[in-house]
Structures are given as C-alpha cells and as structure tokens.
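Worksheet: the structure to be examined is printed underneath.
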Amino acid sequence: MIAVLASPLGRVLGALAVAASLMGLSWLHGHQRGAASERQAILQRAVEAYQSREEIDNEVGRTDLIDICIALGGVRDDCASELRRLEAAAEGQ
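Residue numbers (the numbering used here): 837 to 929.
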C-alpha cells in the first residue's frame, strides 16, 4: 500500500484527492456564505415590510370612517348614511 503512494501514480492520485478536497471545502464555504447572505436579505425585507405596515396602520388610524369610505369609492352623503345605519345596528346588539 505504501509502495503505491510513493509511486508516480500514487502521487498524482494523492494530488487529485487533495485538490478535490480543497475544491469541496471551497464550495461548502461559498454555499454557507451565500445562504447566510440570503437569510440576511430575507430578514431585511421582513423588517421593511413591518415598517411599511406600521406606516399604513398609522395613516389609517388617523382617518375617520367617512374618509375611508370615500377612498374606497363612496360618495360622502352615501357614506354618512351607511355609517349611521352601521352605528345604529351596532348599538342594537
């Protein structure tokens, strides 16, 4: 067995094994760094979505129901009458 490793063919095979090992380790390192980078990007997008949602919630919280009804395509008088009916129905429950 040792004689094979000392022969020229053994040296070539050993060099190929070392090269393959280095390439495998290099690929693994790159794969892990890429995965970490992707996780970071996903987390950043989640934080941005949360911040955007907070801004939308604050904007909606500042508007009254008639403004929301009008923004959804309603007419002011129709929205006011519909909201009065909703309030009356809510009080009746």
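Even for Gly, the Cβ is constructed at its ideal location relative to N, Cα and C.
query                                                                                                                            : result
Distance CB(R912)-CB(I904) smaller than 8 angstroms                                                                              : no
Opening and closing residue of the alpha helix (DSSP H) in which G897 lies                                                       : P844 to R898
Pairwise C-alpha distance: T899 and A925                                                                                         : 22 angstroms
Cut-off 8 angstroms between Cβ atoms - residues of its own chain near G783, not counting five sequence neighbours on either side : Because residue 783 is not part of the residues shown, which for the chain are 837 to 929, the question remains open.
Cβ-based neighbour list, S857, same chain, cut-off 8 angstroms, excluding 5 preceding and 5 following                            : none
DSSP-derived helix/strand/coil call for G928                                                                                     : helix
Integer Cβ distance of L919 from L901, believed to fall under 8 angstroms                                                        : 5 angstroms
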